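As structure tokens, the structure follows; a few thoughts come after it.
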Amino acid sequence: MFKSLSSILLLSCLMVLLVATSTLADEVELENDKPINYRNRMLVVLESAQLKTSHSKFFEGLKKAGFSLEFKLAFDSISLMRYGENLYDHLLIMAPKAKKLGGDLEDANKILNFIDRGHNVFIAAHADGLSQTLRKVATESGIDLDDEGTNVIDHFNYDVKLDSDKHTTIVIGNEKQFPSKKVNILGDAKFSQQPVLYRGLGMLLKPTNKLLVPILSGASTSYSYSTSDERVQSEPLVKGRDTVLVGANQARNGARLTICGSMDLLSNDFFDASVTQFSLDGNHKSFAHSGNELFAIELAKWAFQGRGLLRHTKVHHYLADDSTKTQPSAYRVGQDLTYTVAIEEWNGKEWTPFIADDIQVDFVMLHPYQRQFLKYDPATQKYTSTFKAPDTYGVYKFVVDYRRQGYNQLIFADQVTVRPMHINEFERFVPAAYPYYTAVFVMMGGFFVFVILLTFTEEKRKEE
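Take our numbering: the final residue in the sequence shown is number 459, and no numbers are missing along the way.
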């Protein structure tokens, strides 16, 4: 009886273990279908607890977007890593007036190392100042912030009601001031009828750094200067459309550093404000609601890798004339081969097909022997290219190297062998040798005619 009872208990334990293992496997499979930073653990560093109230709508928007927020004050002892493990996936610093940050944030190199490990950093600045540590992080990334006490000024595009006669509360509604729209950083958001309000620092992006992305820029009439001076006495750091208000650096490992020059842009006051844009003729343009909340949340989604992520799946190659599409172990020189791959984009919830017309595949052995554009097929949701294998045998790689602003770098390769022709695969009669074949038969025929003529003429001579 006891043996049967123990057997039943053992069987029950095995069944529970089997179910748990199956559930865990399903969870792992589900997690593997998400981007690396799907856990979205975010550390929010504030200069004062009051910011949790004054910027509450921004934080609520982050929570709705799926981020898990942990708040700390700037002077707290903050650790980004413990026992070799990262404690957070994202870092949001909103402490521009804090002259000194606590813990790991006191050292700019530790923040840069956090980025080097593939994590994202968002820094909100203010015209009244920014700590030297955070300025160093920006400078090391190719972003030069203007001096403390300066503001972006625009005498032709400011808010009549919110401005304090310094023309520093500027209105941004022209689509040309959103260069990031070209690379899908802000999604499908439109700001012509709900312009963005901005009050803060200007910045300059190093033109030689291809990793930098201007997200929000000033108008042609804007410039960055100190508001304490009544006249402009020296050359501004930035002016015109070179005045960047929000910029980012997307590292080669996919991590993103985003710097916003305005704390007010993220505040409840600007989220809820109506807009009255100055006009020279006195007919000021009025808008019922600003676009700050929409802009801030869409910006945060990209900054914390909720948008602009690409991945590749279903890589396959085969002989172009093979109806079974079986992937061979090697190709022969001169054969037509087809390469296919599916490329997908993360939209914040799921992977969707990514459609572009500038993706290329290289067939490489030391250097590219073939470089072809991949064409998207809506029916299969895959990219396809067909080309001829080179006449040089060796070990090749299919290489896709796709780098575009606003997206993570997509680089992957697949190795194949191209062999020479077997002895029984050569053509029996090579067309290039036809002249030689003709010469042989002409010579044989000529020799035959010569022998006949020589023989018969010799007999006639003997008879004579």
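C-beta atoms are modelled at their ideal positions from N, C-alpha and C, and glycine is treated no differently.
If you're wondering where the values come from, they're calculated on a predicted model, not measured in any experiment.
Beta-carbon contacts of residue i that lie in its chain and below 6 Å, excluding the five residues immediately before and after
i: isoleucine 88; result: Val40, Ile118
i: phenylalanine 358; result: Tyr364, Gln365, Tyr391
i: threonine 452; result: none
i: glycine 197; result: Asp141, Val147, Ser219, Val233, Thr238
i: aspartate 259; result: Arg194, Phe265
i: alanine 69; result: Val40, Glu42, Ala90, Ala93, Leu96
i: aspartate 396; result: Ile406
i: leucine 461; result: The shown model of the chain, from -4 to 459, leaves out residue 461, and the question about it has no answer.
Separation of residue j from residue i, as counted between CA atoms
i: aspartate 224; j: isoleucine 148; result: 12 Å
i: glycine 168; j: tryptophan 341; result: 28 Å
i: glycine 277; j: aspartate 160; result: 16 Å
i: leucine 232; j: serine 217; result: 12 Å
i: isoleucine 447; j: phenylalanine 436; result: 17 Å
i: isoleucine 254; j: valine 270; result: 24 Å
i: methionine 360; j: proline 385; result: 10 Å
i: tyrosine 429; j: methionine 438; result: 14 Å
i: leucine 75; j: serine 262; result: 26 Å
i: glycine 182; j: alanine 351; result: 16 Å
i: histidine 150; j: phenylalanine 382; result: 58 Å
i: phenylalanine 443; j: aspartate 316; result: 47 Å
i: phenylalanine 349; j: glycine 213; result: 31 Å
i: histidine 417; j: valine 310; result: 28 Å
i: threonine 128; j: glutamate 143; result: 14 Å
i: serine 543; j: proline 373; result: Given a span of -4 to 459 for the chain in the structure shown, any question on residue 543 remains unanswerable.
i: glutamate 26; j: glutamate 345; result: Any reading at glutamate 26 must be qualified, since the residue scores a pLDDT of 43, below 50, and its modelled position is unreliable; the value itself is stated next. Rounded to whole angstroms, glutamate 26 to glutamate 345 spans 12 Å at the Cα level.
i: histidine 284; j: glutamate 80; result: 43 Å
i: glycine 256; j: glycine 195; result: 5 Å
i: phenylalanine 247; j: phenylalanine 407; result: The question names phenylalanine, yet the displayed sequence has arginine at residue 247. Cα to Cα, arginine 247 sits roughly 14 Å from phenylalanine 407.
i: glycine 401; j: isoleucine 338; result: 16 Å
i: valine 227; j: threonine 134; result: 25 Å
i: lysine 105; j: leucine 275; result: 49 Å
i: leucine 449; j: tyrosine 431; result: 26 Å
i: asparagine 179; j: leucine 314; result: 36 Å
i: histidine 162; j: histidine 307; result: 48 Å
i: aspartate 353; j: leucine 305; result: 14 Å
i: serine 221; j: lysine 94; result: 20 Å
i: glutamine 172; j: threonine 164; result: 16 Å
i: glutamine 367; j: arginine 399; result: 18 Å
i: glutamate 288; j: lysine 47; result: 16 Å
i: alanine 291; j: serine 229; result: 33 Å
i: asparagine 244; j: glutamine 330; result: 43 Å
i: phenylalanine 424; j: glycine 440; result: 20 Å
i: alanine 434; j: histidine 362; result: 41 Å
i: asparagine 152; j: histidine 50; result: 25 Å
i: phenylalanine 421; j: valine 356; result: 30 Å
i: threonine 145; j: leucine 211; result: 18 Å
i: glutamine 45; j: lysine 52; result: 13 Å
i: leucine 107; j: lysine 296; result: 21 Å
Residue i - partner residues in DSSP beta bridges
i: methionine 76; result: Asn81
i: valine 191; result: Ile167
i: asparagine 244; result: Leu207, Leu252
i: phenylalanine 66; result: Val39
i: proline 385; result: Answer is none; proline 385 lacks a bridge partner.
i: valine 147; result: Ser219
i: valine 411; result: Tyr391
i: tyrosine 460; result: This structure gives no information on residue 460, because the portion of the chain shown stretches from -4 to 459.
i: lysine 234; result: Tyr218
i: methionine 439; result: Methionine 439 pairs with nothing; no bridge assigned.
i: tyrosine 153; result: Ile165
i: proline 363; result: Val359
i: isoleucine 460; result: The first residue shown for the chain is -4 and the last is 459, placing residue 460 beyond what the model contains.
Cutoff 7 Å; reference residue i; Cβ partners in own chain excluding five residues on either side
i: leucine 64; result: Met37, Val39, Phe54, Leu57, Lys58
i: leucine 468; result: No answer is possible for residue 468: the residues shown for the chain start at -4 and end at 459.
i: glycine 286; result: Phe186, Gln189, Pro190, Val191
i: glutamine 376; result: Ala337, Pro348
i: alanine 268; result: Leu157, Leu192, Ser285
i: valine 166; result: Asn152, Tyr153, Asp154, Pro190, Leu192, Val270, Gln272
i: arginine 112; result: Asn81
Residues near residue i by beta carbon distance below 8 Å, same chain, minus five either side
i: histidine 312; result: Gln322, Leu332, Thr333, Tyr334, Thr335, Phe393, Asp409, Val411
i: arginine 414; result: Ala325, Tyr326, Arg327, Val328, Tyr388
i: histidine 279; result: Val155, Thr271, Gln272, Phe273
i: arginine 130; result: Leu140
i: leucine 82; result: Arg36, Leu38, Ser74, Leu75, Met76
i: lysine 92; result: Glu42, His121, Asp123, Gly124
i: serine 215; result: Gly235, Arg236
i: histidine 114; result: Asn32, Asn81, Tyr83, Asp84, His85, Leu86, Ala250
i: aspartate 102; result: Thr128
At what residue ranges does the segment 281 to 340 contain a whole run of the alpha helix (DSSP H), taking only runs of 4 or more? With a minimum length of 4 residues, the continuous alpha helix (DSSP H) runs that stay inside the segment 281 to 340 are 287 to 298.
Is it the case that the segment 287 to 303 contacts the segment 316 to 323, given that we only count it when at least three CB pairs across the two stretches are under 8 Å? No contact exists between the segment 316 to 323 and the segment 287 to 303.
What are the uninterrupted segments assigned as alpha helix (DSSP H) that are 4 or more residues long and contained completely in the segment 252 to 278, given in chain order? Within the segment 252 to 278, the complete alpha helix (DSSP H) runs of at least 4 residues are 263 to 267.
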